[in-house]
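Per our numbering: the sequence shown = residues 4 to 294.
Working notes, beginning with the structure itself.
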Amino acid sequence: MKTIGFIGLGIMGAPMARNLVSAGFTVRGYDLSDSAVAELASAGGVATESIADAVDGADVVATMLPADPHVLSVVLGEDGVLEHLKPGTLLIDFSTVTPDTSRKVASAGAEKGVRVLDAPVSGGQAGAVDGVLSIMVGGSPADFEAAQPVFDAVGKVAALVGPSGSGQVVKAANQLVVGGTYALVAEAILLMEASGVDASAGLDVLAGGLAGSRILELKRRSMLAREFDPGFRIDLHHKDMGIVLDAARRAELALPFAFQVAAHVQAARALGLGDRDHSALLAVAERFTGR
Ligand code: NAD
């Protein structure tokens, strides 16, 4: 397993591809953005000009694309990934999409003898850069085993959580917790600021106690400064809350906080913050409280 075709070199895909280069893989990168491809080439990867060019003859193909339509068109579309793979190739989709899309891709792959894993990740841009992502995997145990060298290069923890589509369900659970945590940290910041205490020192204490989290660890400074450069865009979190609510509906579960978090994310978009980091849920809380 030496050559990887990597499609989608954005905020997450670019550092993941670079870490695969560092781990000794030949990484053939493709993205709609020429500058993203050129940056990978300058880091030791191979620049390609089409999906076919990136994946022809590859042992593994990895995709890290924004949402369902991108994955469906890149993988299943005309002149897409599946048209170019030989049987036995491993296709790892790191994108966050619906479980239905992952199952669709897996069954189309199976018809061609291509082994497919859905492997959405958590850890944000920092986790991708440091190669310490958490990877939630749906697929077969044998394919999960075969993908270990790839997972080792980009992540710290990889868990097989069930058959195709299961990784996406766990990722939806992850996004519920992440969105809810941001919304609550935002309210905690406003409470401290409005009460006249030192919110910066307050957050340091929170980060060290039971309320501590990766979000408080990594984002408390930028949130206090109202710096919302992405990171993870509100628009992507909106897509993910749609996956959460759909999964809840299918499981016939009433999840009131999930609706609340989805509403906050929707409000952030309505405020024109779709392109900002999801920590911009603080701006929603400010509007809501009139501060
Ligand atoms: P991004 O928009 O920065 O990157 C996506 C890349 O895909 C872009 O470079 C874009 O040009 C490329 N692309 C789109 N359509 C393409 C096509 N047809 N052919 C080739 N390239 C194409 O997004 P991102 O933040 O890297 O997120 C990617 C996925 O990872 C999303 O599903 C997101 O939900 C998930 N995710 C993101 C984060 C994060 O912190 N940013 C964390 C975990 C998971």
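Quick reminder that beta carbons are idealized off the backbone N, C-alpha and C, glycines included.
All values derive from a computational prediction rather than experimental measurement.
Residue side-chain check: Phe-235 places its Cβ nearer than 6 angstroms to a non-hydrogen atom of the ligand NAD. Shown here, Met-67 sits in coil according to DSSP, grouped into three states, outside any helix or strand. For Gly-127, the shortest separation between its Cβ and any heavy atom of the ligand NAD lies below 6 angstroms. Proximity of the beta carbon of Met-67 to the ligand NAD is indicated: a heavy atom of the ligand is located closer than 6 angstroms. Thr-66 and Asp-37 do not touch by the CB rule: their CB atoms are close to 19 angstroms apart, not below 8 angstroms. Look at the stretch 79 to 150 and you find these whole runs of alpha helix (DSSP H), each 4 residues long or longer: 84 to 87, 102 to 114, 127 to 133, 144 to 149. Shown here, Gly-215 sits in coil according to DSSP, grouped into three states, outside any helix or strand. Counting only residues of its own chain and dropping the five nearest sequence neighbours on each side, Ala-46 has a CB closer than 7 angstroms to the CB of Arg-21, Val-24. Under the criterion of beta carbons closer than 8 angstroms, Gly-168 and Pro-102 qualify as touching, at roughly 3 angstroms. Contact check between the stretch 151 to 161 and the stretch 128 to 140: three or more CB pairs, one atom from each, fall below 8 angstroms, which counts as touching.
In this structure, the beta-carbon distance from Ala-210 to Leu-221 does not fall below 7 angstroms.
Boundaries around Leu-194 are those of the alpha helix (DSSP H), 169 to 197, since no beta strand (DSSP E) includes it.
Here the alpha carbon of Asp-243 sits roughly 26 angstroms from the alpha carbon of Asp-146.
Note on Val-208: under 16 other CB atoms within 10 angstroms of its CB, so exposed under the neighbour-count rule. When rounded, the separation of the alpha-carbon atoms in Thr-51 and Tyr-33 is 6 angstroms.
Lys-159: member of the beta strand (DSSP E) spanning 158 to 165, first to last residue. Residue environment for Val-200: exposed (fewer than 16 other C-beta atoms within 10 angstroms of its C-beta). Secondary structure at Val-200: coil, using DSSP grouped into helix, strand and coil. Under the three-state reduction of DSSP output, Thr-29 falls in the strand class.
Taking all protein chains in view, the Cβ of Thr-292 is surrounded by fewer than 16 other Cβ atoms within 10 Å, so the residue is classified as exposed. Gly-13 has its Cβ nearer than 6 angstroms to a heavy atom of the ligand NAD. Here the stretch 108 to 121 makes no contact with the stretch 255 to 268; the two share fewer than three CB pairs at distances below 8 angstroms.
C-alpha of Ser-203 to C-alpha of Asp-56: approximately 50 angstroms in a straight line.
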